[in-house]
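Novice: Just dropping this structure here.
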Amino acid sequence: MSKNTSSASDNSLSSRIKNMTDTNLLLTITIIIFFLMYIAAMVFLKGGFLRWQTFFNILNTNASLIILSCGLSLVMITGSIDISVGGVTALISMCCAVYLDHKGGNVAVSVLIALAIGLAFGLFQGLLIAYLEIQPFIVTLAGMFFARGMTTIVNTKPFNVANESFTALKNTRITMPGMGFVNPKGIYVDAYIEIGVIVALIVVVIMFCLLRWTKLGRAFYAVGGKNESALMLGLNVKKTKFLAHLICGLLAGIGGYVYFLHAGNGSAANATGMEMNAIASSIIGGTMLTGGVGNIIGTFFGVLSFSTIQNIVASVGLDEAWWTGITKAAMLCLFLLIQSIVMARKKK
Numbered sequence: 009m010s011k012n013t014s015s016a017s018d019n020s021l022s023s024r025i026k027n028m029t030d031t032n033l034l035l036t037i038t039i040i041i042f043f044l045m046y047i048a049a050m051v052f053l054k055g056g057f058l059r060w061q062t063f064f065n066i067l068n069t070n071a072s073l074i075i076l077s078c079g080l081s082l083v084m085i086t087g088s089i090d091i092s093v094g095g096v097t098a099l100i101s102m103c104c105a106v107y108l109d110h111k112g113g114n115v116a117v118s119v120l121i122a123l124a125i126g127l128a129f130g131l132f133q134g135l136l137i138a139y140l141e142i143q144p145f146i147v148t149l150a151g152m153f154f155a156r157g158m159t160t161i162v163n164t165k166p167f168n169v170a171n172e173s174f175t176a177l178k179n180t181r182i183t184m185p186g187m188g189f190v191n192p193k194g195i196y197v198d199a200y201i202e203i204g205v206i207v208a209l210i211v212v213v214i215m216f217c218l219l220r221w222t223k224l225g226r227a228f229y230a231v232g233g234k235n236e237s238a239l240m241l242g243l244n245v246k247k248t249k250f251l252a253h254l255i256c257g258l259l260a261g262i263g264g265y266v267y268f269l270h271a272g273n274g275s276a277a278n279a280t281g282m283e284m285n286a287i288a289s290s291i292i293g294g295t296m297l298t299g300g301v302g303n304i305i306g307t308f309f310g311v312l313s314f315s316t317i318q319n320i321v322a323s324v325g326l327d328e329a330w331w332t333g334i335t336k337a338a339m340l341c342l343f344l345l346i347q348s349i350v351m352a353r354k355k356k
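Be aware that the sequence shown starts at 9, since it is given in the numbering used here, and climbs by one per residue.
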């Protein structure tokens with residue numbers, strides 16, 4: 009009797025897994041792996057992982073990456089790609105830094121400058137990819153080179169921004185009562201998050217709602233699934249792809265300013281490799297390079313997982329650059345393997 013009950017339970021679980029969509033299954037796996045990693049770090053490494061501030065610091069450091077990864081997830085869902093976002097982030101931080109520090113500008117206009125730069129890249133690249141049907145990788149690779157080159161033209165030497173209004177905004181902290189810790193000097197310190205984290209969380213919520221409950225969001229998935237099927241459904245494939253890149257550009261503008269707000273400087277070396285981290289975070293979050301599958305909540309946890317594994321590696325004393333790179337590669341390969349297994353279940 010117990011064997012029959014166990015068999016029925018196993019069959020029920022297997023049936024539920026098969027009935028889950030690829031997006032939901034990959035999201036579930038990403039969330040489970042993140043919590044397992046973080047709990048393991050708390051149990052075995054202890055130290056800073058037992059403090060709320062360690063988790064909040066992951067958010068503080070990666071607020072801009074969360075926003076950029078949302079944009080990458082969007083274009084990847086449509087079957088496209090954008091590797092220019094790191095260069096755009098560097099260009100935005102340099103232009104805003106020069107405007108605020110050398111030109112005596114104000115913060116509100118610097119935000120508009122960041123949004124304008126992001127939208128310009130999204131608009132131009134979207135037109136080339138969607139309407140002229142040029143390969144997204146080539147177009148955005150050119151965009152990355154152009155953005156990096158323009159960053160150097162704007163200013164060659166790195167410098168910190170001394171603008172008082174910007175500095176005040178940069179140093180704004182949102183405290184978390186009851187989640188603080190006692191530092192080595194015996195002083196209680198409130199846990200906090202930076203203003204960029206609030207912006208990132210708002211972007212995540214908006215993008216989640218856009219993809220989940222709007223007609224445009226369903227169009228993104230349809231186009232990424234199969235262009236021919238999307239055309240048969242009466243969708244404008246070119247317009248949909250264009251809008252995906254335009255929104256990605258807008259998010260690059262927002263993410264670029266959040267990065268600038270955290271770093272507080274202008275440098276040609278800013279955001280180096282950030283586009284690859286955004287792509288990796290999206291993949292870890294369950295977004296597939298083949299298009300049609302992805303979830304913004306998964307992307308959010310993908311960024312957290314990607315950053316947590318780096319913290320774990322550093323905590324065990326392997327903080328050399330090559331160990332971090334090896335760990336990132338191993339984690340990415342693991343999630344690519346998981347995606348392959350999830351896709352293979354369709355063929356059974």
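In this text, a Cβ means the ideal position worked out from N, Cα and C, and glycines have one as well. Fair warning: this is a prediction, and the values are worked out from it, not measured in the lab.
With distances taken from CA atoms, which of F52, L35 and M187 is nearest Y196?
Specialist: Position 188 of the sequence shown, counted from the first residue, corresponds to residue 196. The option with the nearest alpha carbon to Y196 is M187.
Novice: Just reading off the beta strand (DSSP E) that G188 is part of, what are its end residues?
Specialist: Residue mapping note: residue 188 aligns to position 180 of the sequence shown, counting from 1. Taken as a continuous stretch (DSSP letters only), the beta strand (DSSP E) holding G188 covers R181 to V190.
Novice: Just verifying my parser: in three-state terms, what is the DSSP assignment at N285?
Specialist: Within the sequence shown, the letter at position 277 stands for residue 285. Reduced to three states, the DSSP call for N285 is helix.
Novice: Taking G271 as part of the alpha helix (DSSP H), name the residues at either end of that continuous run.
Specialist: Residue 271 sits at position 263 when you count from the first residue of the sequence shown. First, the residue type needs correcting, since residue 271 is Ala and not Gly in the sequence shown. Run containing A271: V245 to A271, per the alpha helix (DSSP H) assignment.
Novice: To the nearest whole angstrom, what separates the beta carbons of I305 and F216, a pair I think is in contact under 8 Å?
Specialist: As a working note, residue 305 is residue 297 in the sequence shown. As a working note, residue 216 is residue 208 in the sequence shown. Indeed, because the Cβ distance is near 6 Å, the residues count as touching under 8 Å.
Novice: Sort out for me which residues DSSP pairs G274 with in a bridge.
Specialist: Position 266 of the sequence shown, counted from the first residue, corresponds to residue 274. Answer is F167, bridged to G274.
Novice: Could you check the C-alpha separation between P185 and I214 for me, to the nearest Å?
Specialist: Locating residue 185 in the sequence shown gives position 177, where the first residue counts as 1. Locating residue 214 in the sequence shown gives position 206, where the first residue counts as 1. Near 27 Å, if we compare the C-alpha coordinates of I214 and P185.
Novice: Where does D90 fall in DSSP's three states?
Specialist: As a working mapping, residue 90 is identified with position 82 in the sequence shown. D90: coil per DSSP, three-state reduction.
Novice: Just confirm the distance between the C-beta atoms of A277 and T248, as a whole number of angstroms; I'd bet it's less than 8 Å.
Specialist: To locate residue 277, count along the sequence shown from 1; it is residue 269. To locate residue 248, count along the sequence shown from 1; it is residue 240. Not confirmed; about 35 Å, so no contact.
Novice: Note down the Cα distance separating N179 from S275, rounded to an integer number of angstroms.
Specialist: Numbered from 1 along the sequence shown, position 171 holds the residue referred to as residue 179. Numbered from 1 along the sequence shown, position 267 holds the residue referred to as residue 275. C-alpha separation (whole angstroms): 20 Å.
Novice: So, under 8 Å CB-CB, A152 and G95 are touching, yes? Tell me the CB distance rounded to an integer number of Å.
Specialist: Here residue 152 is taken as the residue at index 144 of the sequence shown, counted from 1. Here residue 95 is taken as the residue at index 87 of the sequence shown, counted from 1. Checking the sequence shown, residue 152 turns out to be Met, not Ala. With 8 Å as the limit, M152 and G95 qualify as a contact, their Cβ atoms being about 4 Å apart.
Novice: So S72 packs on G257, CB below 8 Å; how close in whole Å?
Specialist: Here residue 72 refers to the residue found at position 64 when the sequence shown is read from its first residue. Here residue 257 refers to the residue found at position 249 when the sequence shown is read from its first residue. The Cβ separation is near 15 Å, so there is no contact.
Novice: Is it true that the CB of V301 sits closer than 8 Å to the CB of L34?
Specialist: Indexing the sequence shown from 1 puts residue 34 at position 26. Indexing the sequence shown from 1 puts residue 301 at position 293. A contact, by the Cβ cut-off of 8 Å.
Novice: Assign V117 to one of two classes, buried (16 or more other C-beta atoms within 10 Å of its C-beta) or exposed (fewer than that).
Specialist: Along the sequence shown, read from residue 1 onward, the residue named residue 117 stands at position 109. Exposed, by the Cβ-count rule.
Novice: To the nearest angstrom, how far is it from the Cα of T280 to the Cα of I47?
Specialist: In the sequence shown, residue 280 corresponds to position 272, counting from 1. In the sequence shown, residue 47 corresponds to position 39, counting from 1. Straight-line Cα distance between these residues: approximately 30 Å.
Novice: T183: which of F42, S77, N65 and I320 sits nearest, CA to CA?
Specialist: Your numbering for residue 183 matches position 175 in the sequence shown. Measuring from the Cα of T183, the nearest candidate turns out to be N65.
Novice: Mapping DSSP to helix, strand and coil, what is I195?
Specialist: For this step, residue 195 is matched to residue 187 along the sequence shown. In this structure, I195 counts as coil in the three-state DSSP scheme.
Novice: Determine the closest residue to G358 out of S81, F57, T335 and I262, with distance taken between C-alpha atoms.
Specialist: Because the chain is modelled from 9 through 356, residue 358 falls outside the range shown and cannot be assessed.
Novice: Which ranges does the alpha helix (DSSP H) cover as unbroken runs of at least 4 residues, wholly within the region 116-181, from first to last along the chain?
Specialist: You should have 144-162 and 172-178.
Novice: Quick check on the DSSP output: the alpha helix (DSSP H) that includes A48 runs from which residue to which?
Specialist: Taking the first residue of the sequence shown as 1, we reach residue 48 at position 40. Run containing A48: D30 to A48, per the alpha helix (DSSP H) assignment.
Novice: Grab me the residues of M50's own chain with a C-beta within less than 7 Å of its C-beta, minus the 5 sequence neighbours each way, in chain order.
Specialist: Locating residue 50 in the sequence shown gives position 42, where the first residue counts as 1. Taken in chain order, the residues that qualify are F57 and L58.
Novice: Can you give the Cα-Cα distance for A138 and T62, rounded to whole angstroms?
Specialist: Within the sequence shown, numbered from 1, the residue matching residue 138 stands at position 130. Within the sequence shown, numbered from 1, the residue matching residue 62 stands at position 54. Using only the alpha carbons, I get a separation of about 42 Å.
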